[in-house]
Each structure stands twice: as C-alpha cells, then as structure tokens.
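In my numbering, the protein residues as written are 62 to 424.
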Amino acid sequence: MITSKIISNGILRALATIIVVLIVLYFLYEIQTVIVYLCISLLLCLIANPLVQFLKNKLKFSNSLAATTTLIVFILAIVGFILLFVPLIISQANNLSLLDTHNLQQQFIQTEKSIETYFNIQHMDLNKVLKDSKITSLIDFSYFTVFLNSILGFMANMGMGLVSVFFITFFFIKDQDTFKVTARKILPDTNEDKILNSVTKINHFLTRYFIGLLLQLTVVFILYLIVLMIFGNKNAFVIAFLCAILNIIPYIGPIIGTTLAGILTMISMIGSDFQTEILPRTIYVLIGFLLVQAIDNNISQPIISSKSVNSHPLEIFLITLISGITFGIVGMIIAIPVFTMIKVILKEFFPNNKIVSVLTERI
C-alpha cells in the first residue's frame, strides 16, 4: 500500500538526486579547463603511442626515458613550428619599414574619388565629420591598458596550459600500463571485456581520424601553395602552411586563414600601385582560397566525418558548435575525437538503450 510516507520519501530521494546531479554538473563546469587539459593530454598520448612503443620495444627505452623523449619531440616540433614563421615576420616587417606613407595616402585619396565618382556619392570630409562629432572626446584610452593586460593574461594562461598539458601527458605516457591495471582492479570484472573493446575501438577510430585529418591538411596545404605560387606571393610555403594549420579549427579556422592570406598578400606588395596591382592580386588570392575551401568543405571534410568517425555531418556541426560555445577554440578542435570516444563507450556499455542505438548506429 502506498502511503504518504513512501511518497514523501520518494520525492525527497528525487530532489536529492537532482541536487547531486546539479552539484556535479556545476563542479564539472568550474573545472572545465582541467577537463580540457586532460582531454588534450589523452589525445597527445594516443598520438604518441606508436613512437613510445617503438622506443620501448625496438630501442629498449624505459617508460620514463620513452616518455621524456616523446615530450622532447613534441617540444621541438612546437619550437620548429614557431621558428618557421620567423622569416615571414621579418619579411613583413621589412615591407612595412619600406612603406611610403605619402604615396599610400595619395593612392587612398585617388581610390576614394574613384569610388565616389562611380557610385555618384557626394564628397565627405572625414576630418570635418570627426571634428564636428567630437568623437575623440568619447574615446576611453583605458581600453588600451585593458587590451594590453588581456594579451599578457592570454600569454600567461597559454604558458600555464602548455606546462600543465605536458606534465599530465608525461605521466599518461609513463604510467599508462599502471593506469590500465589499476582500472581493471577498480572496475567490476564483468565490465573488463567492455573496457578492452572500448579502448580498442577508440584507438581504431582516432587513428583513422588523425590520418584523415593529416590527409585533409596536406591537400589543403598543397592547394593553398598552388594558389599563392600562381600569383607570385612571397613566402608562399610558410603562408600556405600556416593557413592549412588554421584549418584544424572547424569553420572559424578557414575564415581566419583566408583573411590572414589577404592581409599578408597586401603587405608583401607595399610600394606597388594599389588599384592596378595590390587590390587585384589580393582579390585573386582570396578567390583562390575560397575555391580551396569549397573543395575542402565538399570533399575532404565529408570524407573525414563520414568515413573516419562514422558520424553525420550535421551531428559533427552541432557537437563542434556546442563545444566551441562551452570550451572555446580548444573545445572545437577536440570536439570530434572526444565525441567519438563517448559514442564508443556508450555503445559498448548501453547497447540496448534506444537513444544510444540511434546515436551510434553508424559505429
């Protein structure tokens, strides 16, 4: 017989469960940065696993030495990536130092007059408008201090993030066998096969994903390089490489890369005539990059999403968007690998759940 005491106890248990779930979700939200660090470290560990196995099996390295060597390789790769752009920065700085401001001003005035004549626009004295509007009195120069502090804060957070990720990755690589043994001891024996199957499938799908991503970036890099070389862009290799790397960031990366290519193209041609040389060539480069992105969006990315991780493009878009809103750019980058891992685990542990079966029907 259902009594009021049973009903009240049930309500209290439900409220307690809801409160616990909310507390856990709030806690996860507060430590989202740590979760991102853990996810990045886990992905780095999976990427480094072939090298680690080679060092341990072929060269007979110890776990600590193999982990240290792998981290040194990662650090050297990052340093080499940074040094790759030093010539580009020096070249663009030299171009800016040779800038003829008087000639540029004359070209700008001439271009402005051409636009006014073409569209039959009445000439507007910009200096007079600014003076009449007293806009300079409305400018809060404290924003420059805030902007500088934000840059310094970003650099500090980036440095702390790199140190944290490398520290966590070191122990993931060094003690991965110990973690596996410990996990087997903690979890029930009935789930051991499911865990092993999940790990095997995750390794399989992530390996396919990273191979597909590398292939996509290679194709994009080659196409970018061809476009830049056709139009005689200086430092074409470095610019194409940088724009291809930015392509890792879903949706936003290609836009940033195209904008950057246009700006660097204009800077590299400083001193030339704006109307007859700089503007046309920049437009051609932008059109070329848009064509490359069209090829990538309609060929490369669908192959990765549908073949590598067996997910629908709309599914990938929504997960990437949610991850971007929650965790920023880093979340967008790791969204697909993490989502794939979660799908594999859910299918292995809850194969009969209707929602899980719908989400994982392609796996």
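Even glycine gets a Cβ: it sits at the ideal position worked out from N, Cα and C. Source: prediction; values computed, not measured.
- Can you tell me which of T239, L352, M330 and G293 puts its alpha carbon nearest to the alpha carbon of I316? L352
- Query: Relative to the C-alpha of F233, which residue among T387, L107 and S384 is closest?
  - Reply: L107
- Message: I need the straight-line Cα distance from T320 to V281, nearest angstrom please.
- Response: 16 Å
- Excluding five sequence neighbours on each side, which residues of the same chain lie with their C-beta closer than 7 Å to the C-beta of M402? I263
- How many Å lie between I139 and L375 at the Cα? 33 Å
- Message: By the three-class DSSP mapping on this structure, what secondary structure does S102 have?
- Response: helix
- S333 - DSSP class collapsed to helix/strand/coil: strand
- Task: To the nearest angstrom, report how far apart V260 and T131 are at their CA atoms.
- Result: 22 Å
- Task: Would you please state the rounded distance, in angstroms, between the beta carbons of L104 and I380? I believe it to be under 8 Å.
- Result: Contact doesn't hold; Cβ gap of about 16 Å is too wide.
- With DSSP run on the structure shown, which of helix, strand or coil describes P148? helix
- Skipping 5 residues on each side, what residues in its chain have a beta carbon closer than 7 Å to that of L286? A297, F298 and A301
- Query: What are the boundary residues of the alpha helix (DSSP H) that S69 is part of?
  - Reply: S65 to E91
- Item | Burial state of M221, where buried means 16 or more other Cβ atoms lie within 10 Å | exposed
- Query: Skipping 5 residues on each side, what residues in its chain have a beta carbon closer than 8 Å to that of Y98?
  - Reply: G222, S225, V226 and I229
- Nearest candidate by alpha-carbon position, reference L257, set I272, L276, N218 and K241: K241
- Task: With a 10 Å radius around its C-beta and 16 neighbouring C-beta atoms as the bar for buried, classify G389 as buried or exposed.
- Result: exposed
- Message: Once DSSP output is grouped into helix, strand and coil, what is the label at V399?
- Response: helix
- Task: Rounded to whole angstroms, what's the CA-CA distance from T32 to S123? Just pull it up for me.
- Result: The requested residue 32 does not occur in the structure, where the chain is confined to residues 62 to 424.
- Message: So, at 6 Å on beta carbons, what are the nonlocal neighbours of A355 in its own chain, with the 5 sequence-adjacent residues on each side left out?
- Response: none
- Taking the alpha-carbon positions, what's the L137 to A217 distance? 20 Å
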